[in-house]
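In what follows, a single structure is set out as structure tokens and then discussed.
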Amino acid sequence: MGLFDKLKRGLAKTRDKIGAGFRSILPFGKKIDEAVLNELEDTMLVSDIGPTATAELIDSVRKAWKKGKISETQEIVEHLKSVIVEKWPEGDRTLNYAPQGPTVVLVAGINGSGKTTSIAKLAKLLSNQGKKVIVAAADTYRAAAVEQLTVWADRIGVQIVKHQQGADPGAVAYDACEAAVARNADVLIVDTAGRLHTQDNLMRELSKIQKVVQKKIEGAPHEVLLVLDATIGQNAIL
102 MGLFDKLKRG LAKTRDKIGA GFRSILPFGK KIDEAVLNEL EDTMLVSDIG
152 PTATAELIDS VRKAWKKGKI SETQEIVEHL KSVIVEKWPE GDRTLNYAPQ
202 GPTVVLVAGI NGSGKTTSIA KLAKLLSNQG KKVIVAAADT YRAAAVEQLT
252 VWADRIGVQI VKHQQGADPG AVAYDACEAA VARNADVLIV DTAGRLHTQD
302 NLMRELSKIQ KVVQKKIEGA PHEVLLVLDA TIGQNAIL
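Here is the structure:
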């Protein structure tokens, strides 16, 4: 099963929940009225689409309805699709490489979101493209995090810089930067401990790691990747 097939399957429950809510209030051939719009708004909020995005989308539907562009409920979904594509276009997925020297990729996210596995997949992809990759085990907080990344590094054949569990993550990042420069690595991927934006000590730790790599390699980190999953909800944008 491919990566996108797994992602599609993982999001099926969320998609089905939202879809079922939409289908119950948007039956084919029903005329749009304020009651329909109110039910649609409630469904969006319950699905954790968020108050700001929900307000914008409902306002767009209401304007289209009052201008006569749409009149029946089955037209709402297509209208919403076009609005979403226009307001939130797909971003650039290409990595931002350093003009010279190692490219540093800092990876962050909450616990259990798949950071370490995603790092392994990215490292494998870059390695297959002929790039020399080093991974840094700067998640020294979670039990067995260093061991997990070590196993992945061995499996995909990339080098790893690591310390013992409980070590200073900034020190791991420092040593990894030195190793990346000394070994002429193309890409350094730095794993970090899972954290929420409300955990001040861990957020300060992430800031420290960022300052360390900035000091050691010009322009670093060249990319910061935030690994998310469908259960995070509005925390994903805070």
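No gaps in the numbering here: position 123 of the sequence shown is 224 in the working numbering, and each next residue is one more.
Cβ coordinates follow ideal geometry from the N, Cα and C atoms, glycine included.
- Between residue 286 and residue 270, the C-beta gap is not smaller than 8 angstroms, which leaves the two residues out of contact.
- Our two residues, residue 212 and residue 261, have alpha carbons roughly 21 angstroms apart in a direct line.
- Residue 136 counts as exposed, since fewer than 16 other beta carbons sit within 10 angstroms of its beta carbon.
- With 16 or more other Cβ atoms inside 10 Å of its own Cβ, residue 227 counts as buried.
- Taken in chain order, the complete beta strand (DSSP E) segments of 3 or more residues contained in the segment 155-240 are 204-210 and 234-239.
- Residue 204 and residue 289 have their C-alpha atoms some 6 angstroms from each other.
- The alpha helix (DSSP H) runs lying completely inside the segment 241-281 and spanning 4 residues or more are 246-257, given in chain order.
- Listed as beta-bridge partners of residue 324 by DSSP are 206.
- Ranking 193, 128 and 209 by CA distance to the CA of residue 329 puts 209 first.
- Under the three-state reduction of DSSP, residue 312 is assigned to helix.
- Closest by C-alpha distance to residue 172, out of 130, 143 and 313, is 130.
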